[in-house]
Amino acid sequence: MEAARPRSAPRPYPARQADRPAAPGRHLLPAQPDDEGRQPRGHPELDQGGDGHGAARRVDEARGHSGARRERRRRHSRAGAQRQAAGRGADRFDRAAGAARGDGTERPREGREAVRRGQASEEAGRHLSSFAAKGEISLFTINSGSETPESSAERVPIVTVVIPTYNRARFIRRGIESVLKQTIDNWKLLIVDDGSKDKTERIVRKYVERDPRIRYVKQRKNRGVCYTLNHALSLVDTPYFSQLDADDWYEKDTLEKCLRKMEEGGPKVAVVYGNDKVWKKKRGNRLKYLGKKKKRQIRGKYDFITFHSMIYPRFYRTEALRKVGGWSTRVPEGGRFAEDRQILLKLAGRYRFKAVRKAIYNRLNHESNNSRIENRDKYARVTRYLYKKALKRWGDKYKPRFVWVRGRLKVGRLIKK
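Here the sequence shown stands for residues 714 to 1130, where the numbers follow the working numbering.
So, in structure tokens, the structure goes:
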């Protein structure tokens, strides 16, 4: 009787994500469910309760499957594992596979935390691709809800949410809470108070005491929103800067969606935005939903000139903000109006914008008609100055034709000179 051939040893599973360098220009993202909520395909045997090859073998024997068929199943599962590890989700797969095999490939949680804590804080301001290329840090840390503020603060933050505020004590809690509920937790929150005289400081300091990721800075006197945002930019040490107005709030996955879209676009993308929901304040704390504002993809600097809507959220690449010089206060009205249009015109001349096709921002519309009429001429003066300056900077090829849209001055079309 012929002796049975020895079974070849199984091929080694792929190395952990943190132990090998990533492909150049590729960031390692965790696998995400598709639009219908289905999880990506992984190891077909580990998906059966974690029993590994033994569970699959018992099922095969019960069905009368041959050893050759089991061997083909194993080879197929190994190939699928290697394909998945080469792309996104490798880290999660290797942890599950190591636990099922019991071969010691799973790294203890304490060890993973030590790797994250070991990154020097001064490296946080560099472009995120340098981290991913070295395999030192994954792009996202999903917030499972079980993390404490202290453990979350130990992670290397990759985005700073900036809330510039002035006398918005009635509204600022909602914005802060929306940041705390994000699906990722490697963020910082910087609140820069432009000399508020209401209860803003008392409210914000309670959050600062509870969560070390939150920082509050108060300016001695009111200097205007452009000065306040430049102050914030000087304090930001993360690759990304996300502006949140003090009376608005995020959806729970706003930062996660913006980060993914930014990394998909590469270094030429400096701004990510999305659709926004509009609300109106009623009596007491009640809000009335007015509808959703869908924002199309902006295609180039001249397209942005005639783009009448403002974009939300404004999720910036920090390096790009610094390269264009931040917000200028040497403009009409000292930089107190149209700061959003100003910085976007600067960035549009050198970078691309990317749109998230989901509602990821909640905007509170509480501006009174009196306030709109009172400031209309100031906005118009600043708007004319900004558009004409941008067109001149871009080669002076077009002349703007201005129109009034809902009480604001806009560019209706561009006329070639």
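Cβ coordinates follow ideal geometry from the N, Cα and C atoms, glycine included. Source: prediction; values computed, not measured.
{"query": "Pairwise C-alpha distance: HIS1021 and TRP962", "result": "22 Å"}
{"query": "Distance between LYS1130 and GLU964 (C-alpha atoms, nearest Å)", "result": "44 Å"}
{"query": "Range covered by the alpha helix (DSSP H) that runs through SER909", "result": "Careful: SER909 lies outside any alpha helix (DSSP H) and carries neither H nor E."}
{"query": "Nearest neighbour of LEU1144, chosen from TRP1107, LYS1091 and ILE1128 [CA to CA]", "result": "Residue coverage of the chain in this structure runs from 714 to 1130, which leaves residue 1144 outside it and unanswerable."}
{"query": "GLY1048 burial status per 10 Å Cβ neighbour count (16 or more: buried)", "result": "buried"}
{"query": "Length at least 4, wholly inside the stretch 973-1036: the alpha helix (DSSP H) runs in chain order", "result": "1014-1018 and 1031-1036"}
{"query": "Bridge partners - ILE876, DSSP secondary structure assignment", "result": "ILE904"}
{"query": "Paired residues, beta bridge with SER891 - DSSP", "result": "Answer is none; SER891 lacks a bridge partner."}
{"query": "ARG923, enclosing alpha helix (DSSP H) - first and last residue", "result": "913-923"}
{"query": "For TRP900 and VAL872, believed in contact at Cβ under 8 Å, the rounded distance", "result": "5 Å"}
{"query": "Stretch-stretch touch, CB-based, cutoff 8 Å, three pairs: the stretch 1056-1068 with the stretch 973-990", "result": "yes"}
{"query": "Cβ separation of ILE904 and THR878, assumed to be a contact under 8 Å, to the nearest whole Å", "result": "6 Å"}
{"query": "Residue from VAL869, ARG1106, TYR929 and TYR1074 whose Cα sits closest to the Cα of LYS970", "result": "TYR1074"}
{"query": "Local Cβ density within 10 Å of THR1019, reported as buried at 16 or more and exposed below that", "result": "exposed"}
{"query": "Inter-stretch contact at 8 Å, needing at least 3 Cβ pairs: the stretch 930-949 / the stretch 984-1003", "result": "no"}
{"query": "N-terminal and C-terminal residue of the alpha helix (DSSP H) that ARG1054 is part of", "result": "1052-1061"}
{"query": "Sheet register partners of ASN1075 (DSSP bridge)", "result": "TRP962 and LYS990"}
{"query": "Alpha-carbon spacing of GLY1039 relative to ALA1051, whole angstroms", "result": "14 Å"}
{"query": "Pick from THR967, GLY908 and GLN1055 that is closest to THR1042, judged by C-alpha positions", "result": "GLN1055"}
{"query": "Closest by C-alpha distance to GLN907, when choosing among ARG933, ALA882, ARG887 and LYS894", "result": "Note that residue 907 is Asp in the sequence shown, not Gln. Looking at the Cα atoms, ARG933 is the closest of the given residues."}
{"query": "Euclidean distance between Cα positions of VAL1116 and ALA1093", "result": "10 Å"}
{"query": "Nearest-angstrom beta carbon gap, TYR1029 and TYR953 [assumed within contact, 8 Å]", "result": "7 Å"}
{"query": "Range covered by the alpha helix (DSSP H) that runs through TYR940", "result": "938-948"}
{"query": "TYR1098 beta carbon less than 8 Å from that of LEU1104", "result": "no"}
{"query": "Opposing strand residues paired with ALA1068 [DSSP bridges]", "result": "TYR986"}
{"query": "Simplified DSSP state of PRO1045, which is helix, strand or coil", "result": "helix"}
{"query": "Residue span of the beta strand (DSSP E) that contains ARG928, given as start and end", "result": "927-931"}
{"query": "For ARG918 and GLY888, the rounded distance between their alpha carbons", "result": "14 Å"}
{"query": "VAL930 to ASN880 span [Cα, whole Å]", "result": "14 Å"}
{"query": "Straight-line Cα distance separating ARG1035 from GLU977", "result": "21 Å"}
{"query": "Expected contact under 8 Å - CB spacing of TRP992 and ARG883 to nearest Å", "result": "With a Cβ gap of about 14 Å, TRP992 and ARG883 do not count as contacting."}
{"query": "Whole-Å CB distance - THR951 paired with GLN895, under 8 Å assumed", "result": "Their Cβ separation, rounded to whole angstroms, is 14 Å, which puts THR951 and GLN895 out of contact at 8 Å."}
{"query": "Residues of its chain near GLU914, where Cβ-Cβ distance is below 8 Å and the 5 sequence neighbours each way are ignored", "result": "ASP906, TYR929 and LYS931"}
{"query": "Supposed contact pair VAL892 and VAL869 - C-beta distance, whole angstroms, cut 8 Å", "result": "The Cβ separation is near 18 Å, so there is no contact."}
{"query": "Three-state secondary structure (DSSP) of LYS1105", "result": "helix"}
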